[in-house]
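Residues in the sequence shown are numbered from 39 upward in steps of one, following this note's numbering. We put the CB at the ideal spot given by N, CA and C, even for glycine.
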Amino acid sequence: MEFPSREFAEALCKGLNESGEYKRYARGWRWPILFKVEGGPGFILDLHEGECRGVKWFDDASQATADYVLSAPRDVWLSVIHGDLHPIRAILSRKIKLEKGSYTTLARYSMAATEIVRVARSVLGSG
39 MEFPSREFAE ALCKGLNESG EYKRYARGWR WPILFKVEGG PGFILDLHEG ECRGVKWFDD
99 ASQATADYVL SAPRDVWLSV IHGDLHPIRA ILSRKIKLEK GSYTTLARYS MAATEIVRVA
159 RSVLGSG
């Protein structure tokens, strides 16, 4: 499966809904997240209380917004998905830019972030 793509985003949402770990770790999270590829596409995962309620895809994510906006070059996103770079460390080191949202809140949900990456890795490897 290609990253980024609408199919990847939809499969990620479905995979999160099938993950008991994600449901547990993301309890209390109530904000959609926009994942942007710098200079290109992006998608919003409507994440709420351990559930992915849907996906919005943007061929050009430059004008899209959500409560949380994370932006990085494609190669950085792939490094995170492949496990070479921890998602929270990538944000704190600004390899992934937090354009909107709270660092403190993100850090509280680091286990949920790790599970999102694990599901993304399985989705990427499945097609």
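Legend entry - Same chain, Cβ closer than 6 Å to Asp84, neighbours up to 5 away in sequence not counted: Cβ contact annotation for Asp84 (same chain, cutoff 6 Å, sequence separation greater than five): Pro70, Arg91 and Gly92, in chain order.
Inset, instruction - For the beta strand (DSSP E) containing Asp84, list its first residue and its last residue. - result: Going by DSSP, Asp84 is part of the beta strand (DSSP E) stretching over Gly80 to His86.
Legend entry - DSSP-derived helix/strand/coil call for Arg156: helix
Inset, instruction - Tell me, please, which residues DSSP counts as bridged to Ser109. - result: Lys74 and Lys135.
Inset, instruction - Kindly identify the DSSP beta-bridge partner or partners of Trp95. - result: Bridge partners of Trp95: Phe81.
Legend entry - Gly165 (DSSP reduced to helix, strand or coil): Reliability fails at Gly165, whose pLDDT of 46 lies under 50, so the model's placement of it is uncertain and the value that follows must be treated cautiously. Residue state for Gly165 is assigned as coil, using DSSP reduced to three classes.
Inset, instruction - Let me know the secondary structure DSSP gives Glu89 once reduced to three states. - result: strand
Inset, instruction - Mark Ser131 as exposed unless 16 or more other C-beta atoms lie within 10 angstroms of its C-beta, in which case mark it buried. - result: Exposed, by the Cβ-count rule.
Inset, instruction - Would you kindly check if the distance between the Cβ of Leu162 and the Cβ of Ile119 is under 8 Å? - result: yes
Legend entry - Limits of the alpha helix (DSSP H) - the one that Glu41 falls within: Residue identity differs from the one stated: residue 41 is Phe in this sequence, not Glu. Here Phe41 belongs to no alpha helix (DSSP H), and DSSP marks it neither H nor E.
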